[in-house]
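The sequence shown maps to residues 982 to 1177 in the working numbering. Positions of the beta carbon are idealized from the N, C-alpha and C atoms, including for glycine. See structure below.
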Amino acid sequence: MNDWQWSLQAIHNEDREDHIMGISHIALAIQDIEATHRFYSEAMGFDLVKVEIVPQKGGFARHAFYSTGSDVDQLIAFWDLSNVPGSEDIRTDICRDLGLDAMTNHIAFQADDLADIEKRKQRWLDFGRDVLEIDHGWIRSIYTEDPDGITVEFAVLTQPFTDDDARQAQELLFAKAPNLSAGEPSVSIHKAKQAI
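Structure representation (structure tokens):
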């Protein structure tokens, strides 16, 4: 049993009648299908597995699905609305359009281990993307942005969750004046040699 499975056991509520499930897919509107395809197939390493063409507002939309490589085939999907009348000015940069920090709303994908994080970081750099790396002490993450300004992340747990973590999470969730989390995360910025 790996650390991730131990972590899930530490926080699993035995009284639940339903089972915990993964996410089938997340779907996002995009501005440029070619740039999106290139980023998610080359920089992210995902495989295009299905495209649906659907009528929409007198035109048509492409709904493109990419496998993230999970054993249970979790997907990320994109709506290409370029052939939908009135979609010329759609805004896809969710965080900035809402006035939020770019990392507030983001999509995090599971990396296999720390070596996988390093491999994916180099892949992004080779693709011309700057990479933000953060070691939170319990999880290591790398971040970059897709062509639509959506922050994407690869992350791996570096220590399992404990029963104490679960207890503390319950206490902090609705605390009126919680203490800040202890310690500063280790932050590194890796600049790509050439933007693509």
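Non-local C-beta neighbours of SER1048 in its own chain, meaning closer than 7 Å and more than five positions away in sequence, comprise PHE1027, ASP1028, VAL1030, ASP1054 and LEU1056, ordered along the chain. Under the DSSP definition of a beta bridge, HIS1006 partners with LEU1056. Only residues of its own chain outside the window of five on either side were considered, and among them PRO1166 and SER1167 have a CB closer than 7 Å to the CB of ASP1116, listed in chain order.
The C-alpha of ALA1083 lies about 21 Å from the C-alpha of LEU1161. Between GLY1109 and ALA1173, the C-beta spacing is below 9 Å.
Looking at the DSSP output, THR1125 sits in a beta bridge with VAL1133. Rounded to whole angstroms, the gap between the alpha carbons of GLY1164 and ILE1098 is 22 Å. In this model, ALA1016 and VAL1112 are separated by some 18 Å (Cα to Cα). Per DSSP, ILE1014 has no beta bridge partner at all.
Put simply, the region 1083-1092 touches the region 1118-1126. At least three CB pairs are less than 8 Å apart.
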